[in-house]
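Worksheet: one structure, shown below.
Residue numbers (my numbering), protein chains in the order written: chain A, 1 to 314; chain B, 315 to 541.
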C-alpha cells in the first residue's frame, strides 16, 4: 500500500537535494533551513515530539535571522525562452496538466470503481498520493521530451523555492498553530463567549459573524491563512460544526473564501494590492483596492450565503 | 474558565499588524497559548513539534516546483503571454472578462504562477486594456488610464483568488484540511475544492459584469472627446 510515508520520503529527498544545492552555492542559512525540513520529512516519525519541536524552533530561528537568500542558477534567457515557447507551442501546458488530471481522475476512479477495493492507496489520502504520482509522471515525461541538463530540474525548482523562502512552510506552521489552539481549548472558550453574545440558536447570525471575522482578521493581518486557524477554532468548528451540526467542508472552504474577500480590501496584502499599483505606475497607491471593492463586497455576501445554504439548508 | 489563552490570538493579530516575521509570530503565539493554558514549557514545545509533524502533507505540494521550473525554463510563461496576446482586438470589457476566465481556469488547474502582476499584467494585460479602451472610446484622460490599469490588476487578483481554491493541492485547501483534522473532523481535499466552485462562479459573474459596465461607463463619461 502506498501511504503518506512514501510521499514524505519523496519530499524529504527533494528538499534534501535543494539543501545540497544551497550548500554548493555557499548559502549556508538556506542549506540549514531546507536540510532541517528534509530531516522532518525523512525522520520526523522516528523522532520524539520534543525533538520535532526543537526542529521547528530551529526553522523559525533561521527564518527570523533574515539570512535566507535567493539563488540564481544558470538558466535560459528571455530571448531563448521566447524561441523555445514558439517552437514548443501549447504543448508546454500538457505536462502541467498531467498533475491535476492524474489526481482528479485517479481519485474518481479509485472512489467509484473496484480499483478502490485493491487497497493500493492509503484511505482518505488518495488525492495527495495521486498528486505525488502525477508530479513524478509529469516530470519524467518532461525530462524525456525536453532533455534538459541532468541537474536543471533540481536547480530550476530550487530557484523557485528560494524565491518563496521561509514562506513555503507558513501554511504548515499555521495548521500547527490551529492544532495547539485546539489542544489549549480555545474552541470551547470562544464558543462559550460567542454563545453569550449571539442569541442562542441563531445560525444565520453566527454564519455572518464567522464570515465577518474571517474578512476583518484577514484585513488586519493581510493574510487569510493566518486568520483561518483563529476563526476556525473560535467559531467555525466549535459553534457552526459541533453545536449546530453544519457541513464541515462548506464551513471550511467558505470561511477561507470569505477571508479572500478581505484580502481584496486591505493594503496589508501588499504583494497583491500595493506592489501592482507601483508596478503599473498609479499615482494612487490604493487604486487597485478601489477597483476591487465593488467586487469584494457583493462577493462576500454571496460567499456567506453559500456557507449558510450549503452547510445548513441543503 | 480563564480567558488568558485568548492572548495567543491577540498576539497573532498584533504580530502581523506590526509586520514582524510571520513564522516567528505564529510560533510565539503557539507557545504562549500553550503556556497560558497551563501546559509545561517542554510539553508546549513537544505539542508544537507533534502538530508540525502531523501537518507535513501541506508542504509536500512543493515537490511540483522542479516541474514548473523546467517548463518555465522552456518558455511556459512566454507561452501564456502569447495566449493572452491572442485577445488583442477585443473591446476592453471582453478582453478583461476573457483574462478573468483564463486566470481562474489556469489557477484551478494548479498553474497559478503563469499569470501575475509582473508576469502578465504589467507587460500585457494593462497596456492591451488601455489600447482597447482607446480604440472604442477615443482619447482617455490620465485618470481614466489609471483606472483601467488598476482594473487590470484587480482582475488578476480576483481570478487568482477565486480560481486557486478549486485546485485541491493548493496550500489553502490543505490548511483547511489540517485545521479541521486536528480538531477531529476528517475532510478530503476534493470535498473542499468542490465547495470552492460556487464562490468562483459568483466571482466570475460579479466581476465580469462589473468589467462590462466599466467599459460602458467609460464610453458615456468619456471626457476626452472622440476621434
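Don't be surprised by glycine CBs; every beta carbon is placed ideally from N, CA and C.
These numbers come from a predicted model, not from an experiment.
Contacting residues, own chain, Cβ-Cβ under 7 Å from residue i (five flanking each side not counted)
{"i": "residue 418 of chain B", "result": "473, 476, 477, 514 and 518"}
{"i": "residue 296 of chain A", "result": "261, 264 and 265"}
{"i": "residue 132 of chain A", "result": "7 and 10"}
{"i": "residue 299 of chain A", "result": "261"}
{"i": "residue 372 of chain B", "result": "485, 488, 489 and 492"}
{"i": "residue 39 of chain A", "result": "55"}
Where residue i falls: helix, strand or coil (DSSP)
{"i": "residue 198 of chain A", "result": "coil"}
{"i": "residue 2 of chain A", "result": "strand"}
{"i": "residue 121 of chain A", "result": "strand"}
{"i": "residue 235 of chain A", "result": "helix"}
{"i": "residue 476 of chain B", "result": "helix"}
{"i": "residue 537 of chain B", "result": "Bear in mind that a pLDDT of 39 at residue 537 of chain B, under 50, signals an unreliable position, so the model cannot answer this."}
{"i": "residue 162 of chain A", "result": "helix"}
{"i": "residue 417 of chain B", "result": "helix"}
{"i": "residue 223 of chain A", "result": "coil"}
{"i": "residue 275 of chain A", "result": "helix"}
{"i": "residue 460 of chain B", "result": "helix"}
{"i": "residue 518 of chain B", "result": "helix"}
{"i": "residue 450 of chain B", "result": "helix"}
{"i": "residue 423 of chain B", "result": "coil"}
{"i": "residue 142 of chain A", "result": "helix"}
{"i": "residue 318 of chain B", "result": "helix"}
{"i": "residue 267 of chain A", "result": "coil"}
{"i": "residue 185 of chain A", "result": "coil"}
{"i": "residue 281 of chain A", "result": "coil"}
{"i": "residue 532 of chain B", "result": "helix"}
{"i": "residue 253 of chain A", "result": "helix"}
{"i": "residue 34 of chain A", "result": "helix"}
{"i": "residue 500 of chain B", "result": "coil"}
{"i": "residue 244 of chain A", "result": "coil"}
{"i": "residue 429 of chain B", "result": "coil"}
{"i": "residue 328 of chain B", "result": "helix"}
{"i": "residue 204 of chain A", "result": "helix"}
CB contact check: residue i to chain B, cutoff 7 Å
{"i": "residue 244 of chain A", "result": "no"}
{"i": "residue 73 of chain A", "result": "no"}
{"i": "residue 105 of chain A", "result": "no"}
{"i": "residue 306 of chain A", "result": "yes"}
{"i": "residue 162 of chain A", "result": "no"}
{"i": "residue 33 of chain A", "result": "no"}
{"i": "residue 156 of chain A", "result": "yes"}
{"i": "residue 221 of chain A", "result": "yes"}
{"i": "residue 175 of chain A", "result": "yes"}
{"i": "residue 20 of chain A", "result": "no"}
Beta carbon proximity, residue i to chain A, threshold 7 Å
{"i": "residue 421 of chain B", "result": "no"}
{"i": "residue 328 of chain B", "result": "no"}
{"i": "residue 447 of chain B", "result": "no"}
{"i": "residue 346 of chain B", "result": "no"}
{"i": "residue 325 of chain B", "result": "no"}
{"i": "residue 425 of chain B", "result": "yes"}
{"i": "residue 371 of chain B", "result": "yes"}
{"i": "residue 477 of chain B", "result": "no"}
{"i": "residue 496 of chain B", "result": "yes"}
{"i": "residue 405 of chain B", "result": "no"}
{"i": "residue 442 of chain B", "result": "no"}
{"i": "residue 509 of chain B", "result": "yes"}
From the options, residue whose alpha carbon lies closest to that of residue i
{"i": "residue 529 of chain B", "options": "B:510, B:387, B:408 and B:470", "result": "B:408"}
{"i": "residue 516 of chain B", "options": "A:67, A:301 and A:54", "result": "A:301"}
{"i": "residue 399 of chain B", "options": "B:427, B:335, B:440 and B:421", "result": "B:440"}
{"i": "residue 311 of chain A", "options": "A:98, A:97, A:233 and A:240", "result": "A:240"}
{"i": "residue 253 of chain A", "options": "B:449, B:402 and B:490", "result": "B:490"}
{"i": "residue 16 of chain A", "options": "A:23, A:35, A:232 and A:258", "result": "A:35"}
{"i": "residue 2 of chain A", "options": "A:25, A:45 and A:124", "result": "A:124"}
{"i": "residue 31 of chain A", "options": "A:20, A:152 and A:174", "result": "A:20"}
{"i": "residue 250 of chain A", "options": "B:533, B:508 and B:365", "result": "B:508"}
{"i": "residue 352 of chain B", "options": "B:319, B:383 and B:511", "result": "B:319"}
{"i": "residue 171 of chain A", "options": "B:332, B:337, B:467 and B:362", "result": "B:337"}
{"i": "residue 383 of chain B", "options": "A:79, A:87, A:161 and A:14", "result": "A:161"}
{"i": "residue 61 of chain A", "options": "B:403, B:342 and B:356", "result": "B:342"}
Other residues of its chain near residue i: CB distance less than 6 Å, five sequence neighbours each side excluded
{"i": "residue 526 of chain B", "result": "407"}
{"i": "residue 277 of chain A", "result": "285, 287 and 288"}
{"i": "residue 537 of chain B", "result": "Caution is warranted here: a pLDDT of 39 is assigned to residue 537 of chain B, below 50, making its placement in the model unreliable, and the coordinate value is therefore given only provisionally. If we look at residue 537 of chain B and ignore the five residues flanking it on each side, its Cβ neighbours are 455."}
{"i": "residue 375 of chain B", "result": "483"}
Same chain, Cβ closer than 8 Å to residue i, five either side skipped, listed in chain order
{"i": "residue 504 of chain B", "result": "482"}
Test: residue i CB closer than 7 Å to a CB of chain C
{"i": "residue 204 of chain A", "result": "Protein chains A and B are contained in the structure displayed, whereas chain C is not."}
Check your understanding: What residue ranges within the segment 349-399 of chain B form continuous beta strand (DSSP E) runs of no fewer than 3 residues, ordered along the chain?
Key -> Scanning the segment 349-399 of chain B for uninterrupted beta strand (DSSP E) segments of 3 residues or longer gives nothing; none is fully contained.
Check your understanding: Mind pulling the beta strand (DSSP E) runs of 3 or more residues that sit fully within the segment 41-124 of chain A?
Key -> none
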